[in-house]
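Enquirer:
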Amino acid sequence: IAKENEVIRQLKISIHQLEKNSESQAKRTLQEAEKQQKSDRRASEGKCAKLQQDLQQLRSQLTSAIAENREVELSLRKKKYKVETEIENWIQKYDADMGEKQTELEEIEAVYEEEKAQLAELKEKLSVFEVEYVQIMEERHQAQLKKEAEEKELARRNQAAAIIQAHWKGYQVRKAMKSKKKKKKKGKGKGASGKGKGKKGKK
């Protein structure tokens with residue numbers, strides 16, 4: 410019984426610890442992922458804003474320089490294209506990073522749901538085990554009560570048998586003593602009558 414109680418106690422501790430660890434790990438991972446996502450977003454937005462600002466400046470310079478120098482215009486167009494390409498690359502990189510983060514979050518949620526299901530299954534098994542344990546304890550209790558009742562009944566019968574035997578022995582002893590007394594009386598009676606007959610014969 411003590412071993413079964415210890416098993417139940419250890420199972421409850423394991424369930425509680427597993428729930429606590431799973432929830433805290435999932436929350437911590439989600440928080441870290443969200444924090445990293447926000448940081449990446451801010452960095453990307455800052456970079457994009459800077460590039461947009463640079464692009465705007467280049468456009469202004471291009472507009473001013475068109476009338477002055479065709480060669481300068483071509484150079485500025487190249488720079489403009491380069492900046493636009495960088496912006497597009499940054500946007501694509503940001504989208505790819507966000508996609509990876511989203512996939513990672515979905516994987517974490519899937520693991521969390523799986524562990525949650527396992528915990529629910531373990532709780533269900535523990536509930537069944539506890540019900541069986543209560544039934545076993547009740548059966549043992551009833552068996553103990555039955556055993557004690559049988560032992561009391563046996564003791565009562567033994568006591569009654571001992572009393573009957575004692576009375577019977579007493580009766581046998583009294584009967585034997587009465588029988589001995591009767592034999593003694595008969596023996597004395599015969600002796601007295603014999604002596605009387607002897608005296609009459611002598612006369």
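Note that the sequence shown covers residues 410 to 612 in this note's numbering. Where is the CB? At the ideal position from N, CA and C, for every residue including glycine. The model shown is predicted, which means the values in this text are computed figures rather than measured ones.
Report back the beta-carbon spacing between residue 492 and residue 471 to the nearest angstrom; my notes put them in contact at under 8 Å.
Expert: Residue 492 to residue 471, Cβ: 11 Å. No contact.
Enquirer: Could you say if the region 453 to 468 and the region 490 to 504 meet the contact criterion of at least three C-beta pairs nearer than 8 Å?
Expert: The region 453 to 468 vs the region 490 to 504: in contact.
Enquirer: Does DSSP put residue 601 in a helix, in a strand, or in coil?
Expert: For residue 601, the predicted model reports a pLDDT of 48, less than 50, meaning its position is unreliable; a value from the coordinates is still stated below. Helix.
Enquirer: If we call anything under 8 Å between Cβ atoms a contact, is residue 463 one with residue 506?
Expert: Taking 8 Å as the Cβ cut-off, residue 463 and residue 506 do not qualify as a contacting pair.
Enquirer: Considering only residues of the same chain and omitting the five flanking positions on each side of residue 558, which have a CB-CB separation below 6 Å?
Expert: Excluding positions up to five away in sequence, the list is empty.
Enquirer: Report yes if the C-beta distance between residue 424 and residue 528 is below 8 Å; otherwise report no.
Expert: In this structure, residue 528 lies closer than 8 Å to residue 424 by Cβ.
Enquirer: According to DSSP, simplified to helix, strand and coil, what is residue 477?
Expert: Coil.
Enquirer: Just to confirm, is the Cβ distance from residue 545 to residue 435 under 8 Å?
Expert: In this structure, residue 435 does not lie closer than 8 Å to residue 545 by Cβ.
Enquirer: For residue 488, which residues from the same chain have a beta carbon less than 7 Å from its beta carbon, with the 5 sequence-adjacent residues on both sides left out?
Expert: Closer than 7 Å at the Cβ level, and outside the excluded window around residue 488, lie 467.
Enquirer: If I'm right that residue 442 touches residue 510 with Cβ under 8 Å, what's the distance once you round it to whole angstroms?
Expert: Confirmed, about 6 Å.
Enquirer: Measure from the alpha carbon of residue 446 to the alpha carbon of each residue in 524, 512 and 591, then state which is nearest.
Expert: Out of 524, 512 and 591, 512 has the C-alpha closest to the C-alpha of residue 446.
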